[in-house]
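Going by full-length UniProt numbering, the first residue of the sequence shown is number 1, and it counts up by one from there.
Worksheet for the structure shown next.
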Amino acid sequence: MKVLVIEDEEQLLNNIKESLEKEKILVETAMEFNTAIEKALIYDYDCILLDIMLPNGSGIDILKELKKSNKTDNVIIISAKDSLDDKLLGLELGADDYLTKPFHLAELNARVKAVIRRKNFSGNHILDILNVSLNTNERELKINNELVHLNRKEFDILSYFLMNKNRLIPKSALAEYVWGDHSDEADNFDFIYYQIKNLRKKLNDAKADVTIEAVYGMGYKLTET
């Protein structure tokens with residue numbers, strides 16, 4: 001996955017870049033209008049984070065050019081301007097979402113993942129692997145076409161694994177994605193262990209063709225059974 005971050009505040013740009021890279025997302029950056037519009041129009045990105053106020057130009061002008069190229073369905077506007085007119089204009093031009101500064105990086109990460117999920121799965125919100133099907137819109141899990149009940153945390157954990165199948169997921173990344181800022185308050189990751197233990201049992205009982213494998217000292221990985 002590749003994300004372009006267009007932001008002229010260097011510290012915020014670095015914080016966003018570091019946060020996304022922890023999620024194994026490739027991040028490219030631009031701090032001023034000319035570089036930003038060149039990258040946005042030439043290259044393809046799973047998601048573009050776009051600040052409205054930029055040196056030498058406006059993010060709205062970039063959005064207008066992206067609209068001409070049918071590239072606006074994966075854009076999240078990030079701006080300190082909390083103007084309803086700016087928000088509406090951005091959405092009318094095709095932006096997918098709008099986030100007002102200041103914001104929590106965990107919330108930004110969640111919105112980026114939502115955009116990537118919609119873009120990568122043609123907007124149908126379905127994540128499939130073998131006999132497992134997860135509807136991220138209806139928040140339903142089906143195994144062999146039979147509904148399996150998951151609590152909210154179990155669902156979020158499984159969706160994260162399905163979006164990152166065949167990749168090792170560190171406990172810290174899983175905690176931040178599912179629990180957000182509250183994960184910083186934890187003394188350990190026992191709460192993840194218990195949720196995954198319950199989820200693994202439900203997958204096994206329903207005869208899923210996948211399971212969640214623990215990688216000692218590192219994290220977890222979704223594997224075929």
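Each residue gets a CB set at the ideal place from its N, CA and C atoms; glycine is no exception.
Exposed or buried, which one is residue i when buried takes at least 16 other CB atoms within 10 Å?
i      : result
Tyr98  : buried
Gly59  : buried
Ser159 : buried
Leu174 : buried
Asp205 : exposed
Leu66  : buried
Glu10  : exposed
Asn74  : buried
Asp96  : buried
Leu63  : buried
Asp128 : exposed
When the Cα atoms are used, what is the spatial distance from residue i to residue j?
i      : j      : result
Asp181 : Leu108 : Note that Asp181 scores a pLDDT of 44, beneath 50, so its modelled location is shaky; the value from the coordinates is reported in the next line. Going by the C-alpha atoms only, they are around 12 Å apart.
Ala208 : Ile116 : 25 Å
Ile169 : Asn145 : 27 Å
Val5   : Tyr45  : 10 Å
Val112 : Asn198 : 28 Å
Glu140 : Gly90  : 32 Å
Leu88  : Glu7   : 20 Å
Ser172 : Ser19  : 12 Å
Thr29  : Thr72  : 18 Å
Ile192 : Arg200 : 12 Å
Leu13  : Thr223 : 35 Å
Ser133 : Tyr220 : 20 Å
Leu49  : Phe161 : 24 Å
Arg167 : Ile25  : 12 Å
Arg118 : Leu150 : 22 Å
Ile16  : Ile143 : 36 Å
Name the DSSP bridge partner or partners of residue i?
i      : result
Ile78  : Asp51 and Leu99
Ile192 : BP columns for Ile192 are empty, so no partner.
Asp128 : Ser133
Glu213 : Lys221
Lys113 : Answer is none; Lys113 lacks a bridge partner.
Ser58  : Met53
Ala175 : According to DSSP, Ala175 bridges with nothing at all.
Ala30  : Ile6
Leu147 : Lys142
Ile169 : Tyr220
Nearest by alpha-carbon distance to residue i: which of the options is it?
i      : options                          : result
Glu38  : Asp61, Glu21, Asn74 and Met53    : Asp61
Glu21  : Leu105, Glu140 and Glu154        : Leu105
Phe189 : Asn166, Gly217 and Leu49         : Gly217
Ile42  : Asp51, Ile52, Asn56 and Lys68    : Lys68
Pro55  : Arg118, Phe33 and Asn135         : Phe33
Asp85  : Lys71, Asn74, Ile52 and Val75    : Ile52
Lys165 : Glu213, Glu154, Lys201 and Ile48 : Glu213
Val27  : Leu49, Val3 and Asn14            : Val3
Thr225 : Val215, Leu203 and Gly219        : Leu203
Thr100 : Ile78, Gly57, Met31 and Ile25    : Ile78
Leu93  : Ile76, Pro102, Ala80 and Val215  : Ile76
Taking 7 Å as the cut-off, is the C-beta of residue i nearer than that to any heavy atom in the ligand NAD?
i     : result
Ile52 : As for the ligand NAD, it is missing from this structure, which has no ligand bound.
Below 8 Å on the Cβ atoms is my guess for residue i versus residue j; work out the distance and round it to an integer in Å.
i      : j      : result
Glu138 : Gln195 : The Cβ separation is near 21 Å, so there is no contact.
Val210 : Leu147 : No, Val210 and Leu147 are not in contact; Cβ-Cβ is about 17 Å, not under 8 Å.
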